[in-house]
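This report concerns only the one structure given below.
Numbering (the numbering used here), first residue to last: 3 to 175.
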């Protein structure tokens, strides 16, 4: 199944004020830079975890679906699933498994479209470890604005962003 993202939430999982407090920034001079870094950090966290963090509509399409076929629906816990076959909404002949985010088709169909929503319902539902990981990434982006730094020994933080995000990482299938 091919997928595309529609209607992504315009909210951010951490506010500019939270990021500035984390960075210990007290003026507004770098606000645009920090907002861009929040967006970049969030996209990195989404890519690492294979999930959308805020409400996002997903549209999937597959030319044909065979009887008994199971299709994995990526990007996180699903809600509001709608299935169309040949342009007509179908309400039976398939079963949505919200435990493993898949659909099992009980019949064969052509021109199958699946529309569903993923992501935590709002910012307050995003777990603290994910927010903290995004803050760590923002801090790294803010502090290191170039790809390389000369004359500095660097070390990864043992309990860094990847460790915080790993618990929320999805694996296909």
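Backbone N, C-alpha and C fix where the C-beta goes; we use that ideal spot for every residue, glycine too.
Could you say which of 107, 7 and 141 lies nearest to residue 70 if we only look at CA atoms? 107
Is it buried or exposed for residue 87, if we count other Cβ within 10 angstroms and need 16 for buried? buried
Residue 164 versus residue 94: straight-line alpha-carbon distance, rounded: For residue 164 and residue 94, the distance between alpha carbons rounds to 40 Å.
Under 8 Å Cβ to Cβ from residue 36, same chain only, skipping five residues before and after it: list those, please. 18, 21, 22, 25, 27, 140 and 144
If you follow the alpha helix (DSSP H) that residue 163 is part of, which residue opens it and which one closes it? Taken as a continuous stretch (DSSP letters only), the alpha helix (DSSP H) holding residue 163 covers 163-168.
Whole angstroms are fine: how far does the CA of residue 121 sit from the CA of residue 58? 6 Å
Rounded to whole angstroms, what's the CA-CA distance from residue 132 to residue 166? Just pull it up for me. 6 Å
Closer than 7 Å by C-beta to residue 39: which residues in its own chain qualify, once you throw out the five before and the five after it? Chain order, please. 140, 143 and 144
Extent of the continuous beta strand (DSSP E) run through residue 85: 81-87 is the span of the beta strand (DSSP E), which, as asked, contains residue 85.
What first and last residue would you give for the alpha helix (DSSP H) that runs through residue 74? Here residue 74 belongs to no alpha helix (DSSP H); instead the beta strand (DSSP E) covers 72-74.
With a cut-off of 8 Å on the beta carbons, I'd call residue 116 and residue 62 a contact; round off their distance for me. 4 Å
Report all residues from its chain with a CB closer than 8 Å to the CB of residue 173; omit the five preceding and five following residues, and keep chain order. 52
Residue span of the alpha helix (DSSP H) that contains residue 24, given as start and end: 18-25
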